[in-house]
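Right, one structure below, let's go through it.
Chains as they are written, first to last, in UniProt numbering: chain G, 1 to 118; chain D, 1 to 297.
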């Protein structure tokens with residue numbers, strides 16, 4: 001299994017912009033846009049950090065977070081979402097994630113959070 | 001004779017079939033070209049954002065690159081450029097200092113949008129208004145403001161949302177003059193846009209909005225009271241509870257549970273209720289109001 005640094009699971013334009021920012025700091029970064037792609041990448045690579053949208057095509061949110069925990073037990077999780085509701089935030093934080101970020105986000109804040117874990 | 005006619009028919013059918021194949025082939029090629037062009041655009045915009053972010057140049061000094069100007073000038077490509085920028089702005093907080101290159105793009109886009117807003121085609125008009133408020137391009141606001149009662153529903157809907165986005169509470173001044181009913185979906189969009197960009201309730205303009213007489217505008221005012229938890233308009237909710245328009249009365253009834261009434265409010269509610277009972281009978285209203293009024297007697 002290869003060892004990579006950051007896996008970004010976001011809409012492709014945003015994921016690519018973020019990938020360029022992360023790679024500019026010398027960190028290794030891979031992107032995925034669907035759950036199928038995430039499954040394939042995780043089967044072949046190990047990641048230190050996953051930056052992901054809360055809802056990913058192809059799986060329910062709770063199952064998805066559980067899946068990431070099972071397959072990448074050491075990885076830190078940063079979840080980004082449009083959902084601001086406190087009860088959603090509480091529910092997701094209980095699943096064991098490092099950061100819950102509501103959009104829109106200041107890119108400096110997001111970069112700081114990413115580089116806190118890698 | 002029959003043989004000749006059959007041959008002619010077969011020839012005609014072959015001709016139609018050939019025409020169909022040609023048009024399918026053309027549309028496939030065109031589609032392939034569009035997909036390729038869109039992919040190139042995405043890649044170029046991603047590079048553009050990654051390279052220019054944090055350059056912190058003033059907008060006036062930022063020159064929109066030649067390749068991007070090429071895209072912006074074509075109406076179909078402009079929609080793709082706008083979609084990409086909207087995606088970026090939905091995700092990142094794009095202040096004018098560090099993201100000036102995006103706003104510089106908007107200046108160029110504004111000129112192109114003006115032509116579409118003036119167009120006679122309702123689709124072009126509404127799309128240009130949509131792009132304007134999603135990208136915060138307010139240069140054409142005067143033109144957009146005139147379209148808030150346009151005869152085409154999609155044009156006036158987008159114009160109303162644009163006014164809310166750019167003017168906030170001030171845009172509610174138009175409510176008494178709106179000529180067409182505001183649909184439920186549109187009311188929800190207005191309330192949510194207002195809450196997203198102008199979360200602080202502004203009494204000055206709301207006072208003008210409640211002077212509206214059309215039922216859908218009054219329903220919208222009740223939705224605003226509920227969304228912003230407005231406390232000093234209980235009298236308005238009480239008055240609309242007995243409206244002859246079913247949707248307005250139902251909205252006021254929904255709102256009832258979320259309001260806290262003082263003595264004066266209850267007195268007013270009792271008076272309206274007594275007057276109402278003389279002219280109509282409403283079981284749901286009775287079930288709701290009787291215990292409320294009795295508990296406070």
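Don't be surprised by glycine CBs; every beta carbon is placed ideally from N, CA and C.
For a contact meaning CB atoms closer than 8 angstroms, what does residue 99 of chain G contact in chain D?
-> Those within 8 angstroms of residue 99 of chain G in chain D number zero; the least Cβ separation is about 15 angstroms.
Straight-line CA distance for residue 303 of chain D to residue 26 of chain D?
-> Residue 303 of chain D lies beyond the stretch modelled for chain D, which goes from 1 to 297, so this question has no answer here.
State buried or exposed for residue 73 of chain G, treating a residue as buried only when at least 16 other CB atoms are found within 10 Å of its CB.
-> exposed
Exposed or buried, which one is residue 291 of chain D when buried takes at least 16 other CB atoms within 10 Å?
-> exposed
Using the C-alpha atoms, what's the distance from residue 103 of chain G back to residue 91 of chain G?
-> 18 angstroms
For residue 88 of chain D, which residues in chain G fall below 9 angstroms Cβ to Cβ?
-> 13, 14 and 17
With a CB to CB cut of under 7 angstroms and the five nearest residues on each side skipped, what residues in its chain are close to residue 288 of chain D?
-> 253 and 256
Quick one: list the residues of chain D neighbouring residue 21 of chain G, beta-carbon separation under 9 angstroms, in chain order.
-> 50 and 53
So, is residue 3 of chain D buried or exposed, given that buried needs 16 or more other C-beta atoms within 10 angstroms?
-> exposed
Does any CB atom of chain G fall closer than 8 angstroms to the CB of residue 84 of chain D?
-> yes
Would you call the segment 236-243 of chain D and the segment 188-208 of chain D touching, i.e. three or more CB-CB distances under 8 angstroms?
-> no
Does any CB atom of chain D fall closer than 8 angstroms to the CB of residue 103 of chain G?
-> yes
Identify, in the order they occur along the chain, each residue of the same chain with its Cβ nearer than 6 angstroms to the Cβ of residue 128 of chain D, setting aside the five sequence neighbours on each side.
-> 113, 116 and 117
Expressed to the nearest angstrom, what Euclidean distance is found between the alpha-carbon atoms of residue 67 of chain G and residue 46 of chain G?
-> 14 angstroms
Pick helix, strand or coil for residue 178 of chain D, following the three-state DSSP scheme.
-> coil
CB of residue 58 of chain G within 8 angstroms of CB of residue 21 of chain G, strictly | no
Excluding five sequence neighbours on each side, which residues of the same chain lie with their C-beta closer than 6 angstroms to the C-beta of residue 166 of chain D?
-> 138 and 141
For residue 42 of chain D versus residue 84 of chain D, is the C-beta distance shorter than 8 angstroms?
-> yes
Taking DSSP as the reference, what is the three-state secondary structure of residue 52 of chain D?
-> helix
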